[in-house]
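Using my numbering, you'd call the opening residue of the sequence shown number 12 and step up by one each time. Idealized CB from N, CA, C, for every residue including glycine. Just so it is clear, the structure is predicted and the values come from calculations on it, not from any experiment. Quick notes on the structure that follows.
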Amino acid sequence: MKLPLFSVLLTLLAGSLAAADHAPTKQEQAHFTPQEVLADLMAGNKHYVDNRLTPRDLVTRRHDGVGGQHPKAYVLSCIDSRVPVELVFDQSLGDIFVGRVAGNIENEDQLGSMEYAACVSGVHVILVLGHESCGAVKGAIDHVEMSNLSLLLDKIEPAVEAVKADHHYGHDHGHLDSHDHRFVSLVVEQNVKMTVADIRERSPELVKLEQEGRLCIVGAVYSLQTGKVTLVE
């Protein structure tokens, strides 16, 4: 489903999955739509921004989860300690799957986890969450070299080159490094977009669910300054 349609529906659907003191049941999960789940995540982010997170009984939540789980979304996030995914979306035990890797990039393990979450467990949204001032993005821009980290940063390099080409960076800005905050922000967003595209390209199972209207794959960027999550197209 196209993002503009989601944007129209967010206001209408926000709060339709108002956070309850129990994790989603199998029956509830089955009746969720991608639009409702995305609206719930964005409404939860508004709670977080406004510093009014939903009070929850975590003991009850913990006990409820012993018999199984039926989350409604999968969020692929960076490992950054300033972006606690469950808090950012006002979610709790049993509500969402969270996969984390520096630079919020997809790999075979993350893709397999997403396929499990969507095809087996039944989530309705896969959200790729980047964030401003991402250290992995800065490392890719600065060509940081380290035994294993360099292999990860190489996967962000296409986003760096795409921004240079699209915005004529390098010609107009001379030498580029991570001190150029606008450049970093553009690469963060481009990296999210390319990760979403890569997920679709590499997982026919997820694409099929999306085409059937049972899943939405979407990207977003988190502001460290405000706490707000903004969807990207």
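Straight-line gap, residue i to residue j (C-alpha atoms, nearest Å)
i, j, result
"G78", "V86", "23 Å"
"V207", "I228", "7 Å"
"S189", "G150", "8 Å"
"K83", "H186", "44 Å"
"S158", "L220", "38 Å"
"D209", "M125", "13 Å"
"S245", "A128", "Any question about residue 245 goes unanswered here, given that the chain covers just 12 to 244."
"A173", "Y59", "33 Å"
"S161", "A147", "10 Å"
"N56", "K239", "7 Å"
"N115", "G141", "6 Å"
"S196", "G110", "22 Å"
"K166", "A113", "11 Å"
"V243", "R93", "20 Å"
"L163", "P215", "24 Å"
"Q46", "E39", "14 Å"
"E119", "M205", "16 Å"
"R213", "V48", "24 Å"
DSSP bridge partner residues for residue i (one or two, in chain order)
i, result
"S88", "R111 and L140"
"C8", "Given that the chain is displayed from residue 12 to residue 244, the structure contains no residue 8 and the question cannot be resolved."
"G230", "V139 and V243"
Nearest-angstrom beta carbon gap, residue j and residue i [assumed within contact, 8 Å]
i, j, result
"S103", "R72", "6 Å"
"V203", "R211", "About 13 Å; that fails the 8 Å criterion."
"I137", "L226", "7 Å"
"D75", "H33", "6 Å"
Buried or exposed by the 16-neighbour rule on C-beta atoms within 10 Å, applied to residue i
i, result
"A224", "At residue 224 the sequence reads Gly, which differs from the Ala that was named. Exposed is the call here."
"I152", "buried"
"L69", "exposed"
"G230", "buried"
"A50", "buried"
>> As an exercise, report each continuous alpha helix (DSSP H) stretch of at least 4 residues that is fully enclosed by the segment 153-231, in chain order.
In response: 160-164, 168-178, 192-213 and 215-222
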